[in-house]
Amino acid sequence: MIKKSRKVRDYKALTRALPTLRYLNPPSVFIHLQNSRCKTYNLNVKEGDHVKIGEVIGIRHGGFFEQNVHSTVSGTIGTLIKKFHRTGRKVDCVEIINDYKDTLHESVFDRTDEEISKLTQNEIVEIIKEKSLVGLGGSGFPTYIKLATKDKIDTVVINAVECEPYLSSDYRLILEHPDRVGMGLKYIMQALNVDKAIIAIKSEKDPLYEILNQVLEVRFSDLNVKVAKLGNHYPQGWEIEVFKWALGIEVPFGELPTKYGVIGFNVSTAVGVFDAIKHNLPVIKRHFTMTGDAIRFPQNIRVRVGTSVRELVALCDGYKKELDEVLVIMGGPMMGVSTVSDDVIVSKTTTSVIVLENIEYKEEPCIRCGSCVYSCPAHLEPVQIMNAVKRNDKAVMKGLEAFKCIECGLCAYVCTSKIHVTDYIRKAKRLIG
Ligand code: SF4
Ligand code: SF4
């Protein structure tokens, strides 16, 4: 039987109705000096130095850009240490021991509304660049590069779909801070000289639609912003799907959405734009989902960037089983990466950690049911790509356009034989790199 499905079981109810906990004063934070886009770095501080919140302590070097590294607490620089990044790799981190004084660096200050209203696109881009804002939905792409576009933009889209099962931190962020979402959107529209925007949410029954509309009516009546309810299928939050269903614009693979007059930002990124422009503040805190069937009290938590996940596990009353009997996943269950340890750190782009009971599924041989083919949102043939990987046939992998895979995880989710099909597609992408 073909399982054509883009409907995945949702587990957001574990956390969605609970008010966000706050865990903003960890004893130490660990700041990643490397990430998936930046392999090298310079550190401007040494052990024993005192730093303040928002202070630049180093620079990460990416392929075509650099990122300032900011302190997220005030305190004393500790040692360099390796910790897991959300990509599943161990990377260099610097420890900052919290002095609990929350002293802001001199570079953190408030701009008046009048000052902000006069900022040009270039000035906004420079502020966002200096504050190292990146896509906080997990993409990690530098926001200043998107904001610097010279293409004529017709509509800004704020992506608040959050389609991954279990995740509800964006939902709570909107519910608890709709004003900051609106202000971030306003500044983005100013930078891009756009007078039309859409906030895209899922269509299931929830209060976001009413709350956003109320806030837009009362606080942002000068802006032309609509709230669009999109479908509940997965991966509805994929930007290409959001543009298609919210605006009817189909952006072909490999082309920039800006060529079609549209640009998208995750809702947390919009709040990051607000903090950078209004307070000249980098991302020092974020909403984060700590959940899963194997954690005692799943919660959304507002955390300091650099917090140890082990402390957050303790805040949620620990695991239901021993650590070696659970599976720790960084990010959502469909696109996230499982780690062998819970010694992980919340970075700017870490949306969630999910802890599941580690049930070993026995893979069966492929029965050529076609479920993976019928479900793939990128219109690929995962089973054929998998077979090409087994034969190490790169020409076929290329011919089957494995590079178009968005690693959504659906082919593995629907697989009748419980084969980790997505792992094969990832491997194909690496091989034809
Ligand atoms: S992981 Fe890739 S191949 Fe598999 S369903 Fe998603 S887009 Fe298609
Ligand atoms: S890989 Fe799985 S889903 Fe795809 S055809 Fe084979 S059994 Fe079916």
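When you read off a place in the sequence shown, starting at 1, and then add 819, the result is the number in the working numbering.
Note that the Cβ used here is the ideal one computed from N, Cα and C, for glycine as well.
Treat the numbers as computed from the prediction; the structure is a model and nothing was measured.
Task: Glu914: first and last residue of the uninterrupted beta strand (DSSP E) it sits in - done: Here the beta strand (DSSP E) through Glu914 covers Lys909 to Asn917.
- [ ] Give the secondary structure of Thr1110 by DSSP, where H, G and I count as helix, E and B as strand, and everything else as coil.
- [x] Thr1110 falls in the strand class under three-state DSSP.
Open item on the list: Please give me, in chain order, every unbroken run of the alpha helix (DSSP H) with length at least 4 that falls completely inside the segment 1014-1085.
Closed with: The DSSP assignment places complete alpha helix (DSSP H) segments of no fewer than 4 residues inside the segment 1014-1085 at 1027-1038 and 1058-1066, in order along the chain.
Open item on the list: Per the DSSP calculation, Cys1234 is bridged to which residue(s)?
Closed with: Paired residues: none, contrary to the question.
Open item on the list: Could you tell me the alpha carbon to alpha carbon distance between Tyr842 and Cys1185, rounded to whole angstroms?
Closed with: So the alpha carbons of these two residues sit roughly 46 Å apart.
- [ ] Would you kindly work out how many angstroms separate the C-alpha atoms of Val927 and Gly873, rounded to a whole number?
- [x] Taking the straight line from one Cα to the other gives about 7 Å.
Open item on the list: Do Leu1049 and Lys1021 have their beta-carbon atoms positioned less than 8 Å apart in this structure?
Closed with: In this structure, Lys1021 lies near Leu1049, with their beta-carbon atoms less than 8 Å apart.
Task: Cys1227 CB to nearest heavy atom of ligand 1 below 7 Å - done: Yes.
Open item on the list: If I measure Cβ to Cβ from Tyr1079 and keep anything under 6 Å in the same chain, skipping five residues before and after, which residues do I get?
Closed with: Take Tyr1079, set aside five residues on each side of it, and the residues of its chain with a beta-carbon closer than 6 Å to its own are Ile1068 and Val1070, in chain order.
Open item on the list: Ignoring anything shorter than 3 residues, give me the beta strand (DSSP E) runs that lie fully in the segment 1120-1151, in order along the chain.
Closed with: Note on the segment 1120-1151: whole beta strand (DSSP E) runs with a minimum of 3 residues are 1145-1149, in chain order.
- [ ] Would you kindly work out how many angstroms separate the C-alpha atoms of Gln1118 and Thr1077, rounded to a whole number?
- [x] Spanning the two alpha carbons is a distance of roughly 37 Å.
Open item on the list: Suppose contacts are defined by Cβ-Cβ distances below 8 Å. Is Gly957 in contact with Thr1170 by that definition?
Closed with: It is a contact, given that the beta carbons lie within the stated cut-off.
Open item on the list: Using only Cβ atoms and a threshold of 7 Å, which residues come within that distance of a heavy atom of ligand 2? Order them by chain position.
Closed with: Result (chain order): Cys1185, Ile1186, Arg1187, Cys1188, Gly1189, Ser1190, Cys1191, Val1192, Pro1201, Val1202, Met1205, Cys1230, Val1233, Cys1234, Thr1235, Ser1236, Ile1238 and Val1240.
TODO: Taking the CB atoms as reference points, tell me whether Cys1234 and Ser1190 lie closer together than 8 Å.
DONE: Cβ distance < 8 Å, so Cys1234 and Ser1190 count as in contact.
Task: Leu1131 to Asp918 span [Cα, whole Å] - done: Spanning the two alpha carbons is a distance of roughly 20 Å.
Task: Simplified DSSP assignment, three categories, for Met820 - done: With a pLDDT of 43 at Met820, under the threshold of 50, the modelled position of that residue is not reliable, and the figure given next carries that caveat. Correct three-state label for Met820: coil.
TODO: Return helix, strand or coil for Thr1088, following the three-state DSSP convention.
DONE: Three-state DSSP puts Thr1088 in a helix.
Open item on the list: Buried or exposed for Pro845, going by 16 or more other Cβ atoms inside 10 Å?
Closed with: Result: buried.
Open item on the list: Can you check whether the C-beta of Pro997 is within less than 8 Å of a C-beta belonging to chain B?
Closed with: Absent from the structure is chain B; it holds one protein chain and no more.
Open item on the list: Can you list, in chain order, the residues of its chain with a C-beta nearer than 8 Å to that of Ser1040? Leave out the 5 residues immediately preceding and following it.
Closed with: Closer than 8 Å at Cβ, skipping near neighbours: no residue.
Open item on the list: Considering only heavy atoms of ligand 1, does any lie closer than 7 Å to the CB of Cys1224?
Closed with: True, at least one ligand heavy atom lies under 7 Å from that Cβ.
Open item on the list: I'd like to know if the segment 853-872 and the segment 1126-1141 are in contact, where contact means that at least 3 CB-CB pairs between them fall below 8 Å.
Closed with: Cβ pair count under 8 Å is below three, so no.
Open item on the list: So the candidates are Gly1155, Gly1252 and Ala1010; which of them puts its Cα closest to the Cα of Ile947?
Closed with: When each option's Cα is compared against that of Ile947, the closest is Ala1010.
Open item on the list: Going by DSSP, what residue range makes up the alpha helix (DSSP H) through Ile947?
Closed with: Note, Ile947: alpha helix (DSSP H), Gln940 to Glu949.
Task: Within 8 Å, strictly: CB atoms of Ile896 and Val888 - done: No, the Cβ-Cβ distance between Ile896 and Val888 is not below 8 Å.
Open item on the list: For Asp1163 and Gly1125, what's the separation of their Cα atoms in angstroms?
Closed with: Note on residue identity: the sequence assigns Val, not Asp, to residue 1163. Take the alpha-carbon of Val1163 and the one of Gly1125: they are about 9 Å apart.
TODO: Tell me where the beta strand (DSSP E) around Cys857 begins and ends.
DONE: Here the beta strand (DSSP E) through Cys857 covers Cys857 to Leu862.
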